[in-house]
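Count along the sequence shown from 1, add 5, and you get the number used in the numbering used here.
Comments concern the structure below.
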Amino acid sequence: MSYQPIRCLTARQLRGIPRTHLQRWLDSTRTAEGALDTLIAMGCNAPQYANDRAVCEHNRKLLTKQLSRVLA
6 MSYQPIRCLT ARQLRGIPRT HLQRWLDSTR TAEGALDTLI AMGCNAPQYA NDRAVCEHNR
66 KLLTKQLSRV LA
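Structure (structure tokens):
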């Protein structure tokens with residue numbers, strides 16, 4: 006199994022995406038962010054963990070912002 010880094014989302018990619026999909030992505034992003042926090046707290050200090058954690062934080066903020074713009 007090869008390592009695949011988490012990718013940053015862009016606002017352009019999120020345009021027109023239904024609210025249910027955005028919410029699912031946000032939930033998955035929060036889960037990944039929590040898992041990475043746990044790994045880092047346990048002493049796993051590989052550079053990809055810190056990078057992926059930063060990408061998760063970026064994606065979470067972007068998804069949260071986009072969800073606030075999409076009608077329920």
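All C-beta atoms, glycine included, are put in the ideal place defined by N, C-alpha and C.
These numbers come from a predicted model, not from an experiment.
For the alpha helix (DSSP H) containing PRO23, list its first residue and its last residue.
-> No alpha helix (DSSP H) contains PRO23, which DSSP labels as neither H nor E.
Quick one: what's got a C-beta closer than 8 angstroms to ASP42's C-beta in the same chain, skipping five residues either side?
-> Same-chain partners within the cutoff: ARG58.
Count the other CB atoms, across all protein chains shown, that sit within 10 Å of the CB of THR25; report buried if there are 16 or more and exposed otherwise.
-> Under this definition THR25 is an exposed residue.
Is VAL75 helix, strand or coil by DSSP?
-> coil
So, are the CB atoms of CYS61 and ALA46 less than 8 angstroms apart?
-> no
Can you tell which of ILE11, ARG12, GLN18, GLN9 has the C-alpha that lies nearest to the C-alpha of GLN71?
-> GLN18
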